[in-house]
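One structure below.
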Amino acid sequence: MNRDDTSQLEQPIPPREPPAINHQPQVAPPDAPQPETAASTSRHSVSLQSVWMYVGIAAAALLAVWGSWSPLKTAFISVSTDDAYVNGHVTFLAPRVPGQVTKVLVDNNYRVKKGDILVQLDPEPYRIAVEQKQAAVVLAEADLVAANAQVRALVGQTQADRYELEYVIEMVDNKIAGLQASVATHSSRKADMELARINLVRAEKLVTSGAISQQELDVDRQTFKADEANVDEALQLVRANRSGLGLSLEPPEGKELSYVPMDLDQSFATVREALAKFIESSAQLGYVAPSIDTSPKHVLADFDKQDASGDLDRIYAALIPNAPPIRQAEAKLLQAKRDLDQAKLNLRYCTVVSDIDGVITSRNVNPGNNVQAGQTLMAVRSLSEIWIDANFKETQLSYLRIGQRAVCEVDMYGRKQAFEGRITGFTMGTGQTLALLPPQNATGNFVKIVQRLPVRIELTNYDADQSPLFVGLSVTPYVYFKEPPSGPNAGQFLQPNAPLPQGSVDPTPSTLMRGNHE
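When we follow UniProt numbering, the leftmost residue of the sequence shown carries the number 1, and every step to the right adds one.
Right, dumping it as structure tokens:
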């Protein structure tokens, strides 16, 4: 009804005149509608208008539902599941050393930061241990100083033993040279005697023929006897020199008088004693004498090979740092320092601190308790390292990839608070297969059971201070598979190998056996 219709209604209604009475019968025109037909048409028009009105109301209701109900709106562009929960890291705090608890500074539901002191153990026993280890370090340092003095004294002793060994070796060499000289003298005098014998034989023949006088023969005979005496004297000197060297008076069969065994110097007691003293003193400096040849000269030559220049002072200076007494004293000092470091660590471990930012849960320690190393005292649940574990049906996995955007609705906040996230990984097995005792269904099921695979969704707009999430809350995630995935490893099922540091692999029995077979 418009304004014109309203103005007409406001005008006064004129009085209606009574109809004239006509006694003549009225005849309807032939084309005039019958009264029943007009009423039927009016009713049909009203019915059609009602139908269109109901259709409009239904369409408006559908549009309202479409705009207000998120699952219906996103049914064609996302996949969702109601089997999803909030998960997060939890750190169980335990002391690294045993002791008695003196202070517990937090209680359940306390919010803590990384580095906050939570529990204090009695530090006095560990403080005493630190002082003991400090004293042990001082003693080890004194032992090292004494070892240096001892080694320098050993250097002097080794030098003296070397001089003595060289002296006795020189004595043996002189005796060998004397033997060789006496043998040469004996050979020379033997040649002179042979010449005198030849002259004597010739003189005897000449005396018979009267070519020379008897006097000349007597001279030749005296010369031969003198040379023969000289040969005997030289032979006695050779035998004396051989006896002085510890050799037999006569050489072995087929050998000359000048024959001397190669290991002659080892047969002398003085040489053996000097060699043993030198090897013992040099061994205390770290020198190891060769075992295949114990000739004194070879030992000295091998000792001198420790430095290319052959400078004995440099050799002794190089032996001092590696001498066993110094090495042992240095090892004891290093062990004492490491023990001191460990004692200081144990003292520091008396203070139990939080390793992460989070909230205290499951506190089970009180002052006065005696705790052991590794005993769980409480747990800290992280508020920032939160993610969603969504168990999607295996029939939905074909739509999912790493990097796809997800909107998560938490029952705690309802639809008024949505959390953005993205898929970061798929668990390599369904929940049943990852159980402690996985089911062994060899016969199968009468009804096929749809399996679910855990999918990890990392939240991108999560703020623990504004809208904290708690582990175990129910979540309804919507993954928009129509949108292209983004971020690292987008569009993949599996993540690539983690960039871990490379190192040597410790041999195992299997690798050792494989190496032996190869």
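By construction, the Cβ of each residue, glycine as well, lies at the ideal position given by its N, Cα and C atoms. Keep in mind that this is a model prediction, so the values were computed, not measured.
Close CB contacts of serine 384 within its chain, under the 7 Å cut and outside five residues either way in sequence, are with Asp357 and Ala464 (chain order). Proximity of the region 78 to 91 to the region 471 to 481 meets the contact definition, three or more beta-carbon pairs being nearer than 8 Å. A straight-line Cα-Cα distance of about 20 Å links arginine 452 and glycine 491. DSSP places glutamate 458 within a strand segment (E or B) once states are collapsed to three.
The DSSP assignment places complete alpha helix (DSSP H) segments of no fewer than 4 residues inside the region 199 to 262 at 214 to 244, in order along the chain. With respect to isoleucine 117, threonine 351 sits close: the two C-beta atoms are nearer than 8 Å.
By the neighbour-count criterion, in which 16 or more other beta carbons inside 10 Å mark a residue as buried, methionine 378 falls on the buried side. Under the criterion of beta carbons closer than 8 Å, aspartate 143 and lysine 332 qualify as touching, at roughly 6 Å. By the 16-neighbour rule on beta-carbons within 10 angstroms, aspartate 220 is buried.
Within the model, the alpha-carbon separation for valine 407 versus threonine 433 is close to 28 Å.
Residues of the same chain with their beta carbon placed closer than 8 Å to that of alanine 58 are lacking, with the five preceding and five following residues left out of the count. Contact annotation, asparagine 391 with valine 101: C-beta distance approximately 41 Å; criterion of less than 8 Å not satisfied.
In this structure, the straight-line span from the alpha carbon of valine 119 to that of proline 325 is close to 46 Å.
The count of Cβ pairs closer than 8 Å, one atom from the region 395 to 415 and one from the region 132 to 140, stays below three, leaving the stretches out of contact. Around the Cβ of glycine 429, a 10 Å sphere holds fewer than 16 other Cβ atoms; the residue is exposed.
In this structure, alanine 323 and leucine 285 form a Cβ contact; the two beta carbons are roughly 5 Å apart against a cut-off of 8 Å. Under the three-state reduction of DSSP, glutamate 124 is assigned to helix. Straight-line measurement puts the Cα of valine 104 at about 49 Å from the Cα of valine 450. About 14 Å separates the Cβ atoms of serine 362 and valine 112, ruling out a contact at the 8 Å cut-off. Histidine 186 counts as buried, since no fewer than 16 other beta carbons sit within 10 angstroms of its beta carbon.
At the C-beta level, phenylalanine 419 and asparagine 364 stay beyond 8 Å of one another. CA-to-CA, the gap between proline 290 and glutamate 280 works out to about 13 Å. For a cut-off of 8 Å, the C-beta gap from leucine 245 to leucine 179 is around 6 Å, short enough to register as a contact. For the pair glutamate 216 and alanine 226, the CB atoms are not nearer than the 8 Å cut-off. If the five residues before and after tyrosine 110 are omitted, its C-beta is found closer than 8 Å to the C-beta atoms of Val359 and Ile360, all from its own chain and listed in chain order.
According to the DSSP assignment, arginine 381 belongs to no alpha helix (DSSP H) but to the beta strand (DSSP E) extending over 378 to 393. Under a 10 Å Cβ-count criterion, arginine 405 is classified as buried, with 16 or more other Cβ atoms of the shown protein chains found around its own Cβ. When only Cα atoms are considered, arginine 96 and proline 501 end up about 27 Å apart.
Sixteen is the threshold: when 16 or more other Cβ atoms of the shown chains lie within 10 Å of the Cβ of arginine 189, as they do, the residue is buried. Residue burial is scored here from C-beta neighbours: phenylalanine 278 has at least 16 other C-beta atoms within 10 angstroms and is therefore classed as buried. Out of Arg381, Leu93 and Thr223, the CA that lies nearest to the CA of proline 468 is found in Arg381. By the 16-neighbour rule on beta-carbons within 10 angstroms, leucine 345 is exposed. Bounds of any alpha helix (DSSP H) do not take in glutamate 483, whose DSSP letter is neither H nor E. Taking 8 Å as the cut-off, the beta carbon of serine 182 is found closer than this to the beta carbon of leucine 237.
Excluding residues up to 5 positions away in sequence, Thr223, Phe224 and Asp227 lie with their Cβ nearer than 6 Å to the Cβ of alanine 196 in the same chain. Judged by DSSP secondary structure, lysine 103 falls within the beta strand (DSSP E) whose first and last residues are 99 to 104.
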